[in-house]
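Protein chains in written order, with numbering that gives the first Met the number 0: chain A, 0 to 452; chain B, 0 to 452.
Down below is the structure, laid out as structure tokens.
2 protein chains.
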Amino acid sequence: MIVKQFFDEPLAQYGYAIISEGEMAVIDPARQEKPYLELAEATGSRIVASLLTHPHADFVSSYWAIAQKTGATVYASELIGLLVPKWTGLKDGDEIRIGKVRLKAYLTPGHSPDSLTYVLYDEEGREYAAFTGDWLFIGDVGRADLRSQAGNVQKQREEQARDMYHSLRRMFAILKDSTLVYPAHGAGTLCGKALKSFNASTIGAERLDNWAVLLAHQADEATFVEALVTGQPHIPKYFPHSVEVNRRGPLSYEAALQKVSVLGPLTEESAKRRDPHSTVVDARPAYLFRKGHLRGAINIPLGKSFNTWLGSLIAPTEPYYLIVSSPAAYETAIEQVLAIGYEENLKGVFIGIAYTEESGPELFPNVEVLRNDGRAYTVVDVRDPEEVGAGRLIPHAIPIRLAELRERLHEVPTGKPIAVHCAGGYRSAIGSSILLAAGRTPVYDIGEAITRL
Amino acid sequence: MIVKQFFDEPLAQYGYAIISEGEMAVIDPARQEKPYLELAEATGSRIVASLLTHPHADFVSSYWAIAQKTGATVYASELIGLLVPKWTGLKDGDEIRIGKVRLKAYLTPGHSPDSLTYVLYDEEGREYAAFTGDWLFIGDVGRADLRSQAGNVQKQREEQARDMYHSLRRMFAILKDSTLVYPAHGAGTLCGKALKSFNASTIGAERLDNWAVLLAHQADEATFVEALVTGQPHIPKYFPHSVEVNRRGPLSYEAALQKVSVLGPLTEESAKRRDPHSTVVDARPAYLFRKGHLRGAINIPLGKSFNTWLGSLIAPTEPYYLIVSSPAAYETAIEQVLAIGYEENLKGVFIGIAYTEESGPELFPNVEVLRNDGRAYTVVDVRDPEEVGAGRLIPHAIPIRLAELRERLHEVPTGKPIAVHCAGGYRSAIGSSILLAAGRTPVYDIGEAITRL
Numbered sequence: 000m001i002v003k004q005f006f007d008e009p010l011a012q013y014g015y016a017i018i019s020e021g022e023m024a025v026i027d028p029a030r031q032e033k034p035y036l037e038l039a040e041a042t043g044s045r046i047v048a049s050l051l052t053h054p055h056a057d058f059v060s061s062y063w064a065i066a067q068k069t070g071a072t073v074y075a076s077e078l079i080g081l082l083v084p085k086w087t088g089l090k091d092g093d094e095i096r097i098g099k100v101r102l103k104a105y106l107t108p109g110h111s112p113d114s115l116t117y118v119l120y121d122e123e124g125r126e127y128a129a130f131t132g133d134w135l136f137i138g139d140v141g142r143a144d145l146r147s148q149a150g151n152v153q154k155q156r157e158e159q160a161r162d163m164y165h166s167l168r169r170m171f172a173i174l175k176d177s178t179l180v181y182p183a184h185g186a187g188t189l190c191g192k193a194l195k196s197f198n199a200s201t202i203g204a205e206r207l208d209n210w211a212v213l214l215a216h217q218a219d220e221a222t223f224v225e226a227l228v229t230g231q232p233h234i235p236k237y238f239p240h241s242v243e244v245n246r247r248g249p250l251s252y253e254a255a256l257q258k259v260s261v262l263g264p265l266t267e268e269s270a271k272r273r274d275p276h277s278t279v280v281d282a283r284p285a286y287l288f289r290k291g292h293l294r295g296a297i298n299i300p301l302g303k304s305f306n307t308w309l310g311s312l313i314a315p316t317e318p319y320y321l322i323v324s325s326p327a328a329y330e331t332a333i334e335q336v337l338a339i340g341y342e343e344n345l346k347g348v349f350i351g352i353a354y355t356e357e358s359g360p361e362l363f364p365n366v367e368v369l370r371n372d373g374r375a376y377t378v379v380d381v382r383d384p385e386e387v388g389a390g391r392l393i394p395h396a397i398p399i400r401l402a403e404l405r406e407r408l409h410e411v412p413t414g415k416p417i418a419v420h421c422a423g424g425y426r427s428a429i430g431s432s433i434l435l436a437a438g439r440t441p442v443y444d445i446g447e448a449i450t451r452l
Numbered sequence: 000m001i002v003k004q005f006f007d008e009p010l011a012q013y014g015y016a017i018i019s020e021g022e023m024a025v026i027d028p029a030r031q032e033k034p035y036l037e038l039a040e041a042t043g044s045r046i047v048a049s050l051l052t053h054p055h056a057d058f059v060s061s062y063w064a065i066a067q068k069t070g071a072t073v074y075a076s077e078l079i080g081l082l083v084p085k086w087t088g089l090k091d092g093d094e095i096r097i098g099k100v101r102l103k104a105y106l107t108p109g110h111s112p113d114s115l116t117y118v119l120y121d122e123e124g125r126e127y128a129a130f131t132g133d134w135l136f137i138g139d140v141g142r143a144d145l146r147s148q149a150g151n152v153q154k155q156r157e158e159q160a161r162d163m164y165h166s167l168r169r170m171f172a173i174l175k176d177s178t179l180v181y182p183a184h185g186a187g188t189l190c191g192k193a194l195k196s197f198n199a200s201t202i203g204a205e206r207l208d209n210w211a212v213l214l215a216h217q218a219d220e221a222t223f224v225e226a227l228v229t230g231q232p233h234i235p236k237y238f239p240h241s242v243e244v245n246r247r248g249p250l251s252y253e254a255a256l257q258k259v260s261v262l263g264p265l266t267e268e269s270a271k272r273r274d275p276h277s278t279v280v281d282a283r284p285a286y287l288f289r290k291g292h293l294r295g296a297i298n299i300p301l302g303k304s305f306n307t308w309l310g311s312l313i314a315p316t317e318p319y320y321l322i323v324s325s326p327a328a329y330e331t332a333i334e335q336v337l338a339i340g341y342e343e344n345l346k347g348v349f350i351g352i353a354y355t356e357e358s359g360p361e362l363f364p365n366v367e368v369l370r371n372d373g374r375a376y377t378v379v380d381v382r383d384p385e386e387v388g389a390g391r392l393i394p395h396a397i398p399i400r401l402a403e404l405r406e407r408l409h410e411v412p413t414g415k416p417i418a419v420h421c422a423g424g425y426r427s428a429i430g431s432s433i434l435l436a437a438g439r440t441p442v443y444d445i446g447e448a449i450t451r452l
């Protein structure tokens, strides 16, 4: 028996393959199915099972594409309501055989009502590993507020958090200390708040120092619920959408890629021909964006968290163009776009830019000024509330977290020049471009200089 | 049975504790023994065994301090030649009992001739995990050239690499695919070249895609040896020294800390009173160093790899002063100093600076100039040869890896202004300060601007 872990860095997401006696199961495979199919080929295995721990909110899975290409059976919780034509619903205690090993499904609600944990028993029947999805992370548990989007949100998330409390108490009484913990996410995901940057752990190690596991065993339900719903990161706009995309059975990677129009370099002609009602996302580095860009463009520089910000700022229903600086940047960008299923509203991608309409936002020339004479500027702090709470960097700055800036522009007063800061310069580049795109001027990006204040 | 992993981020180093039935073993504990002792207390365990996989070159271990404080028996390879008064040498096949579990020592030479891998069998005798030290990493193996410091270096390292070849073939025939791999290092260490940023793996996963494991099974010995000795990172000056410090049995953390003299803020008086023959290491951020510093000071900005650069540039026999910007910076810096045993030659630490003797190196004003009119400057590229080989950033730059710059100053021509670059701005800050300290002028730091070329 071999367990192989796959990692998608931008979304800090783990998928898995389990191989035994020529049979292979995949759990929560990423959007790109190729590495999973290649592993099957390299090891001479047949993929017989394609499993979901739950309908993921943060990435689009290839579980259905893999099933279609290999004939594997799709398994998920019977509560999940998949809309694909053929799948098998599992209830607590159900088992699946892969070669000589067994996977047993445990219903572990808390992150979502339909979260399963798959426990793997090896050839000799020993409890070996738990694929915990977003129920149990390393050092954390999944947030309880992602599936509460309509109705009494507060009540729903508290019910989920109560479920989490009981799932933890139940499963930590069942599972052995030596059992491996293989979660669906590592540090960097927005599906939790305190994940460690480890890729694997054990039940025993989590029992020792996972704050949520400790609290579930030491505190009452209400205390636990309060702690779990507090201090979570923002919920990107694309999250509820991805749940639905996953339920419907996403297109294969190649089929999705074929839907993307590559429009060549941006020229004056192509710029004029563009749909004026579609948002322009310019993924070039901030220093190039500053030199020149299309009017109204939002700068989300390509980087490790490009798709998280794309999916946080652009709504899943919002048509948009993408501008990248080179063919290599296109490859990186499009992989991240597909990972969150954002090819659907992508009107086209410009590779390279030979035409610009305006420049800016300028880098703020001298941060010392803000310390001494700050009131001459409207300063916007686009960090998260938890960061602002831990310490203001410029006392009179208006805190508006970046994920909400497009909807809260009215909170930025007019009349003074605007300067935007975050913690290191990435989010302020995005935030200042949003203000400029909204017609505010002059807008300055404090950028990396904030680290020197 | 619980296995707990400890992580020291600057050196990407893992230590371990194994607990069973009130007994605890530690493996390769970091310099700070406190977290290990606290775990014993929190779990009501008695530390009965303090194990080394090998005499580490890159960090000073608290194995001896823990043994002295708890009465635990020290275990290591019988070949290691420890100089502590009491220890037990193990040979291949020897076993140690911890509560109801067992550790079996396997001699796995390759990184060092005295490398042991400890295989853990659980309460029911099942093979559970392998503590592989620097023999097997996740995605890589330990480098073979650290213990070949005198005599026929080439021959020694090839012998070690041959040992590695045979250790891999032997152990991958013995160990089960389901066995956990717990190595002594993660990505970021200089003890290997291609580690993945994972904290744990399994034998099965390494069999699938660890380049060295694959090569050892697919290629002949000579091909493997050639591949292993090629492309390794530089060897910091402190590495051979740490091996000896570890052999002698390092002082406890508090005892080592007491040896450090805190000299208060740097004033004109204290600056003048300093030993003129000792090197000054200024660990403040580069932008503060540029504004003003002591003549001859080397700027190694405090950060995640501060101690790696301290131990790479300052010889273990070289007396030095340390300057930090604040009491908080002192805490961080001194922890990293002690982790590599560099308190021994530390003459004292200045916290804060109220006196300077010179400024610079200036940031290079306009990198575009280097593209168009570069020959007016001597440009020094302080990246590693592998990085330079992958692509020159400024065609006429002279490549001298930072770790060797102090010894290769004569290769930097005189007569023109000097500009130093690396890949992102950290190493060029250090490199330009070294040139300035050597009396070269004018020296410019290209810094972060290199990313825009």
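For each residue, glycine too, the CB sits at the ideal point set by N, CA and C.
Within 7 angstroms, strictly: CB atoms of residue i and residue j
i, j, result
"V212 of chain A", "L167 of chain A", "yes"
"A160 of chain A", "V228 of chain A", "yes"
"S114 of chain A", "G132 of chain A", "yes"
"G446 of chain A", "S427 of chain A", "yes"
"Y74 of chain A", "R101 of chain A", "no"
"A193 of chain A", "G138 of chain A", "yes"
Pick from the options that is closest to residue i, judged by C-alpha positions
i, options, result
"E385 of chain A", "A:A314, A:I399 and A:Y120", "A:I399"
"S200 of chain B", "A:Y443, A:V180, A:A218 and A:A186", "A:V180"
"L287 of chain B", "B:I352, B:W86, B:P112 and B:E8", "B:I352"
"K258 of chain A", "A:Y341, A:E220, A:N151 and A:V366", "A:Y341"
"S358 of chain A", "A:L102, A:G291, A:R45 and A:Y376", "A:G291"
"T188 of chain B", "B:H55, B:G388 and B:K3", "B:H55"
"P264 of chain A", "A:P34, A:D444, A:G109 and A:Y320", "A:Y320"
"V378 of chain A", "A:K415, A:F349 and A:K346", "A:K415"
"R294 of chain B", "B:A218, B:H395 and B:T355", "B:T355"
"M163 of chain B", "B:E126, B:T116, B:G185 and B:T307", "B:T116"
Span of the beta strand (DSSP E), counted from its first residue to its last, around residue i
i, result
"M23 of chain B", "E22 to I26"
"F349 of chain B", "L345 to I352"
"V261 of chain A", "V261 to L265"
"L119 of chain B", "L115 to Y120"
Per-residue DSSP class, three states only, for residue i
i, result
"D17 of chain B", "It should be noted that the sequence gives Ile, not Asp, for residue 17 of chain B. If DSSP states are grouped into helix, strand and coil, I17 of chain B belongs with the strands."
"V228 of chain A", "helix"
"S76 of chain B", "strand"
"G88 of chain A", "strand"
"H395 of chain A", "coil"
"D7 of chain B", "strand"
"E385 of chain B", "helix"
"S166 of chain B", "helix"
Endpoints, alpha helix (DSSP H) assigned at residue i
i, result
"S49 of chain A", "It is not in any alpha helix (DSSP H) - S49 of chain A instead sits in the beta strand (DSSP E) that spans R45 to L50."
"A128 of chain B", "No alpha helix (DSSP H) contains A128 of chain B, which is instead part of the beta strand (DSSP E) from E126 to G132."
"F305 of chain A", "F305 to L312"
"L408 of chain B", "No alpha helix (DSSP H) holds L408 of chain B; DSSP gives it neither H nor E."
"E330 of chain A", "P326 to A338"
"A104 of chain A", "No alpha helix (DSSP H) holds A104 of chain A; the beta strand (DSSP E) holding it covers V100 to L106."
"E94 of chain A", "Note, E94 of chain A: premise wrong, no alpha helix (DSSP H); beta strand (DSSP E) at E94 to I97."
7 angstroms Cβ cut-off: residues of chain B touching residue i
i, result
"R451 of chain A", "Y286"
"L167 of chain A", "The premise fails here: L167 of chain A is roughly 17 angstroms from chain B at the closest Cβ pair, so nothing lies under 7 angstroms."
"K3 of chain A", "A204 and L207"
"R125 of chain A", "R125"
Listed by chain order, chain A residues near residue i by CB distance under 8 angstroms
i, result
"R453 of chain B", "Residue 453 of chain B is absent from the model: chain B starts at 0 and stops at 452."
Partners in chain B for residue i, counting only beta-carbon separations shorter than 9 angstroms
i, result
"G283 of chain A", "Note that residue 283 of chain A is Arg in the sequence shown, not Gly. Here the premise fails: no neighbours, minimum Cβ distance about 12 angstroms."
"N198 of chain A", "I137, K195, S196, F197, N198, A199 and S200"
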